[in-house]
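Some notes on the structure that comes next.
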Amino acid sequence: MTDNRKMNILVPILSVLLGFLVGAIIMIAYGYNPIAGYSALFQGAFGSLYNVGETIRRTIPLVLTGLAVAFAFRAGLFNIGAEGQVFVGWFAAVWVGVTFELPAIIHIPVAILAAALAGAIWAAVPGILKATRGVHEVVVTIMMNYIALHVTNYLIRTVLSDGGSQSARISQSASLSTQGLKEMFGYSQIHWGFVVSIILAVFIWFFLERTTYGFELRAVGFNPNAANYAGMSVKRNIILAMMLSGALAGVGGAMEGIGTFGYMYTHASYTNLGFDGIAVALLGANTAPGVVIAAFLFGALKVGALSMPPLSGVPSELVDIVIAMIIFFVAASYMIRLLILRFSKGEK
Amino acid sequence: MENYVIEMLNIRKEFPGIVANNNINLQLKKGEIHALLGENGAGKSTLMNVLFGLYQPEKGEIRVNGEKVNITDPNVANRLGIGMVHQHFMLVDTFTVAQNIILGSEPTKGAAVVDIKKAEKEITELSKKYGLHVDPNAKVRDISVGMQQRAEILKTLYRGAEVIILDEPTAVLTPQEIIELMDIMKALVSEGISIILITHKLKEIMEASDRVTVIRKGEGIGTVNVDETDVDELASLMVGRQVNFKTEKEPADPKGVALSIKDLHVKDSRQAMMVKGLNLEVKSGEIVGIAGIDGNGQSELIEAITGLRKSESGEIKLNNKSLMHLSPRKVTESGVAHIPQDRHKFGLVLDYPIAENMVLQTYYQKPFSKNKILSFNTIYKHAEKLIEEFDVRTPGTKTKARALSGGNQQKAIIAREVDRSPELLIAAQPTRGLDVGAIETIHRRLIEERDKGRAVLLVSFELDEVMNVSDRIAVMFDGQIVAELKPEETNEQELGLLMAGSSKEEARQKAGDNS
Ligand SMILES: Nc1ncnc2c1ncn2[C@@H]1O[C@H](COP(=O)(O)OP(=O)(O)OP(=O)(O)O)[C@@H](O)[C@H]1O
Ligand SMILES: [Mg+2]
Numbered sequence: 001m002t003d004n005r006k007m008n009i010l011v012p013i014l015s016v017l018l019g020f021l022v023g024a025i026i027m028i029a030y031g032y033n034p035i036a037g038y039s040a041l042f043q044g045a046f047g048s049l050y051n052v053g054e055t056i057r058r059t060i061p062l063v064l065t066g067l068a069v070a071f072a073f074r075a076g077l078f079n080i081g082a083e084g085q086v087f088v089g090w091f092a093a094v095w096v097g098v099t100f101e102l103p104a105i106i107h108i109p110v111a112i113l114a115a116a117l118a119g120a121i122w123a124a125v126p127g128i129l130k131a132t133r134g135v136h137e138v139v140v141t142i143m144m145n146y147i148a149l150h151v152t153n154y155l156i157r158t159v160l161s162d163g164g165s166q167s168a169r170i171s172q173s174a175s176l177s178t179q180g181l182k183e184m185f186g187y188s189q190i191h192w193g194f195v196v197s198i199i200l201a202v203f204i205w206f207f208l209e210r211t212t213y214g215f216e217l218r219a220v221g222f223n224p225n226a227a228n229y230a231g232m233s234v235k236r237n238i239i240l241a242m243m244l245s246g247a248l249a250g251v252g253g254a255m256e257g258i259g260t261f262g263y264m265y266t267h268a269s270y271t272n273l274g275f276d277g278i279a280v281a282l283l284g285a286n287t288a289p290g291v292v293i294a295a296f297l298f299g300a301l302k303v304g305a306l307s308m309p310p311l312s313g314v315p316s317e318l319v320d321i322v323i324a325m326i327i328f329f330v331a332a333s334y335m336i337r338l339l340i341l342r343f344s345k346g347e348k
Numbered sequence: 349m350e351n352y353v354i355e356m357l358n359i360r361k362e363f364p365g366i367v368a369n370n371n372i373n374l375q376l377k378k379g380e381i382h383a384l385l386g387e388n389g390a391g392k393s394t395l396m397n398v399l400f401g402l403y404q405p406e407k408g409e410i411r412v413n414g415e416k417v418n419i420t421d422p423n424v425a426n427r428l429g430i431g432m433v434h435q436h437f438m439l440v441d442t443f444t445v446a447q448n449i450i451l452g453s454e455p456t457k458g459a460a461v462v463d464i465k466k467a468e469k470e471i472t473e474l475s476k477k478y479g480l481h482v483d484p485n486a487k488v489r490d491i492s493v494g495m496q497q498r499a500e501i502l503k504t505l506y507r508g509a510e511v512i513i514l515d516e517p518t519a520v521l522t523p524q525e526i527i528e529l530m531d532i533m534k535a536l537v538s539e540g541i542s543i544i545l546i547t548h549k550l551k552e553i554m555e556a557s558d559r560v561t562v563i564r565k566g567e568g569i570g571t572v573n574v575d576e577t578d579v580d581e582l583a584s585l586m587v588g589r590q591v592n593f594k595t596e597k598e599p600a601d602p603k604g605v606a607l608s609i610k611d612l613h614v615k616d617s618r619q620a621m622m623v624k625g626l627n628l629e630v631k632s633g634e635i636v637g638i639a640g641i642d643g644n645g646q647s648e649l650i651e652a653i654t655g656l657r658k659s660e661s662g663e664i665k666l667n668n669k670s671l672m673h674l675s676p677r678k679v680t681e682s683g684v685a686h687i688p689q690d691r692h693k694f695g696l697v698l699d700y701p702i703a704e705n706m707v708l709q710t711y712y713q714k715p716f717s718k719n720k721i722l723s724f725n726t727i728y729k730h731a732e733k734l735i736e737e738f739d740v741r742t743p744g745t746k747t748k749a750r751a752l753s754g755g756n757q758q759k760a761i762i763a764r765e766v767d768r769s770p771e772l773l774i775a776a777q778p779t780r781g782l783d784v785g786a787i788e789t790i791h792r793r794l795i796e797e798r799d800k801g802r803a804v805l806l807v808s809f810e811l812d813e814v815m816n817v818s819d820r821i822a823v824m825f826d827g828q829i830v831a832e833l834k835p836e837e838t839n840e841q842e843l844g845l846l847m848a849g850s851s852k853e854e855a856r857q858k859a860g861d862n863s
């Protein structure tokens, strides 16, 4: 008998393999060589220290937005608003970075905390509306995304610059990016944010699985009636879950602000970091370790894709198809489960 | 040679760490009501899920009308004319009865337009034919449990079922609804349909069925004709020992008033006043049983005491401290335990392991957590202790509550609630879905709690239970306690009349006349 835990690991792995398989078939159908395509992809993601550094850099914010979505999901909430929370987090971190002069040991944590706070406040709105008025969080978070996009654009033009489309650079004391680390990874844009995201992943795992808070949150997610019967406050847990989720996504934005870029620019549209976080959480089965692995895979795919056209002639959009197929297979996990069951029965 | 519609031969079904079915034989004759009897966790639902194609057996053979078949999924079962009404209903709350019935085999006009008119007509015809009264246009969430069940039965008939499996259909029904269901079953068999009936109520088996197959701890014990057996024999066949039906107990020795309710008013979610000026006292060291027909305000009363529902006015006191407007957590901490009527909705987080369900209200206290960090060691030891003490049959403490049999889920809840040694124990339908052996155990537990000086408030729709266990019976009708009686000074008939709203004099007179 294949039990649930095994399934939770097998389904994503099989989905990834199937995603690559579909990608290969499409390449063949359009006259490309899939082996050349995929080896270019691999080269692009891991071919040199530079590429590894880029892959890690791309992974960092995805870990955080993935954790944000997964965390809310465990409490039974669907946080589509990670996108907007990334914007406000990015802005808050950069604002702290350009406005204050502090020693790095204080400056960096303050910038990250400001981002977390901004994300939390942004997410508190849908949380409170859901808890007190029963308004569905999906609707409110989608609206909050638009508000975040345009409000931060406005603030960049008015507060962080004089009508420009870009803020000043943050002071070096607030930056997660150091020359030494960059050098080590062939002058890629890698920064110390990977430490932040790993620490937060461990923290979230511990919080969910080992603390009384996590116990309540998961109970509310599984069965709010039983949680209420057991004396847990469903409302408080919904608000708490949304705010922590928002804080994580906000820190995801900070990683771009004080890590990758060192400034913030006006956006014409979404960064997609928040939306990719949904896919990462889904593939990672809403667990912290799963999210880290899934984010790494997505980071590698997105960075590796850039090398596909020059090295193999395969358009980089193929990777989008692969990613879409992976998500499709995870979402259609019922089908995959059936497949695994048939297969394991065949073995007997 | 006998002709059987269904034959299940030497069936074996394993789950990780447990053999749920071993060597079980069941042969169903055409047009019979065949009961399936066994303790909680004996493997009845599992066996039926095998027949319905939800599980694949490791060993054994299934024949339908003499032909060997391989039932790989419920669609195959449907095609073979097998329908099942599950222990826990599978209806879409927000759909109408008709929509639910046709779900999955919708009649269409043109290419893909659901022909709901045609469906409604067919449903009405079916329901007339078998006396299954439903309102096809009503939403499932608005109809009674009894009607939901009739909808489930119609669903199987609509799909052309010749064999219907009913998994504990009577556990959720009121006595009146049970009588109706019995009539429906008789109508069905007279039309040539065969029924497999799972129930823990031996009386029902004696009344309604033709033959009984008994399973004990996953093993097939055998099949007997109902005409040739009696309740005592059935009980001992299934449990493997003699069972006491009448609970032995010493007279109560009540102390001071523990729970006191004065002029309580409570509204339901639709803002209708359901508890209308209710007065009730429960003393320490006594069991008060509330007898009443479902829907007379019992649920609202319990929810008001436990803090799950706001009271409009009045007074609820436990040991002289007010419980009014306290949160459920505060009520629990004041010493109230609650065995809820709906164990899936309130009693358990089905996706939590059994051990974590055992600390659902106490996880934040020592020794189960320290500085907000859960002590899993203690939590799991605690669960082991309770499982042992209350004979909860589960493969282990890490097993999800979902995987336990219905009866064992209930035992787990009772273990958790009783173990807290509350000042007041509220038990709502505590033995629903339990086997006779387990009922005996639970009743003994309630009485033990009483003897330790706790106050016990029992709410049950089963008069047997109320009469057997209570020291005092309070009859609830239309949101009020209309009479208080001693069980030894009344009978089922008088109670029945009171529950239906007769005055005390009337009830006494009529019940007295007939006896
Ligand atoms: N999906 C499952 N996974 C693991 N174990 C299971 C599963 N379903 C049932 N079991 C186990 O198999 C045994 C038989 O369970 P089953 O539900 O068939 O009992 P039952 O006779 O219907 O009991 P009840 O009268 O309490 O409903 C139990 O020990 C139960 O814990
Ligand atoms: Mg069962």
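First to last, the sequence lines map onto chains F and G.
In terms of this note's numbering, the first sequence has 297 at position 297, counting the first letter as 1, and numbering is strictly consecutive.
In terms of this note's numbering, the second sequence has 508 at position 160, counting the first letter as 1, and numbering is strictly consecutive.
The beta carbon of each residue, even a glycine, is placed where N, CA and C say it ideally should be.
Chain F within 8 Å of residue i, Cβ atoms only
{"i": "G/LEU474", "result": "no"}
{"i": "G/TYR728", "result": "no"}
{"i": "G/TYR711", "result": "yes"}
{"i": "G/SER717", "result": "yes"}
{"i": "G/LEU708", "result": "yes"}
{"i": "G/LEU514", "result": "no"}
{"i": "G/SER863", "result": "Residue placement at G/SER863 is poorly supported in this model, since its pLDDT is 47, which falls under 50; the coordinates are not used for a value here."}
Listed by chain order, chain F residues near residue i by CB distance under 7 Å
{"i": "G/ILE544", "result": "Neighbours of G/ILE544 on chain F: none; closest Cβ ~26 Å, over 7 Å."}
{"i": "G/LEU649", "result": "Simply none; closest approach about 16 Å."}
Residue span of the beta strand (DSSP E) that contains residue i, given as start and end
{"i": "G/ASN369", "result": "366 to 377"}
{"i": "F/GLU183", "result": "Premise fails: F/GLU183 lies in the alpha helix (DSSP H), 179 to 184, not in any beta strand (DSSP E)."}
{"i": "G/LEU708", "result": "No beta strand (DSSP E) holds G/LEU708; DSSP gives it neither H nor E."}
{"i": "G/LYS631", "result": "621 to 631"}
{"i": "G/LYS658", "result": "Element bounds for G/LYS658: n/a, residue is neither H nor E."}
{"i": "F/GLN85", "result": "Segment 82 to 99 is the alpha helix (DSSP H) holding F/GLN85; no beta strand (DSSP E) there."}
Cβ of residue i within 8 Å of any chain C Cβ
{"i": "F/TYR334", "result": "No chain C appears in the structure shown, which is made up of the protein chains F and G."}
Endpoints, the alpha helix (DSSP H) within which residue i is located
{"i": "F/ASN228", "result": "224 to 229"}
{"i": "F/ALA174", "result": "Here F/ALA174 belongs to no alpha helix (DSSP H), and DSSP marks it neither H nor E."}
Neighbourhood of residue i by C-beta distance below 7 Å, restricted to the same chain and skipping five residues each side
{"i": "G/HIS613", "result": "MET621, VAL623, LYS624, GLY625, SER659, GLU660, SER661, GLY662"}
{"i": "F/ILE336", "result": "VAL11, LEU14, SER15, PHE329"}
{"i": "G/GLY386", "result": "LYS392, VAL562, ILE563, ARG564, MET586"}
{"i": "F/LYS348", "result": "Since pLDDT at F/LYS348 reaches only 40, below the 50 mark, its modelled position is unreliable, and no value is offered."}
Residues that residue i contacts on chain G, provided the C-beta gap is smaller than 7 Å
{"i": "F/TYR213", "result": "LYS720"}
Same chain, Cβ closer than 8 Å to residue i, neighbours up to 5 away in sequence not counted
{"i": "G/LYS377", "result": "GLU350, ASN351, TYR352, VAL353, SER542, ASP558, ARG559"}
{"i": "G/ASN592", "result": "GLU788"}
Residues near residue i by beta carbon distance below 6 Å, same chain, minus five either side
{"i": "G/ALA368", "result": "LYS361, GLY391, THR394, GLY566"}
Cutoff 8 Å: residue i Cβ touching any chain G Cβ
{"i": "F/GLY231", "result": "yes"}
{"i": "F/ARG58", "result": "no"}
{"i": "F/ARG157", "result": "no"}
{"i": "F/ARG210", "result": "yes"}
{"i": "F/GLU347", "result": "Annotation note: pLDDT 46 at F/GLU347 (below 50); position unreliable, coordinate value reported separately. For F/GLU347, the answer is no, since every Cβ of chain G falls outside 8 Å of its Cβ."}
Where residue i meets chain F, residues with beta-carbon distance less than 8 Å
{"i": "G/LEU628", "result": "By Cβ distance, chain F contributes nothing, its closest Cβ being about 22 Å from G/LEU628, past 8 Å."}
{"i": "G/LEU656", "result": "ASN228, TYR229"}
Residue i Cβ short of 7 Å to ligand 4 heavy atom set
{"i": "G/SER393", "result": "The model on display carries ligand 1 and ligand 2 but not ligand 4."}
Residues of the stretch 215 to 229 of chain F with Cβ closer than 7 Å to any Cβ of chain G, in chain order: For chain G, the residues of the stretch 215 to 229 of chain F that bring a beta carbon within less than 7 Å of one of its beta carbons are PHE215, ALA219, PHE222, ASN223, ASN225, ALA226, ASN228, TYR229, in chain order.
Selection of the stretch 669 to 684 of chain G by Cβ proximity to chain F, strictly under 9 Å: With the criterion set as a beta carbon lying under 9 Å from some beta carbon of chain F, the members of the stretch 669 to 684 of chain G are SER675, PRO676, ARG677, LYS678, VAL679, THR680, GLU681, in sequence order.
Contact residues within the stretch 683 to 702 of chain G, judged by C-beta distance below 9 Å to chain F: Within the stretch 683 to 702 of chain G, the residues whose Cβ lies closer than 9 Å to some Cβ of chain F are HIS686, PRO688, ASP690, HIS692, LYS693, PHE694, GLY695, LEU696, VAL697, LEU698, ASP699, TYR700, listed in chain order.
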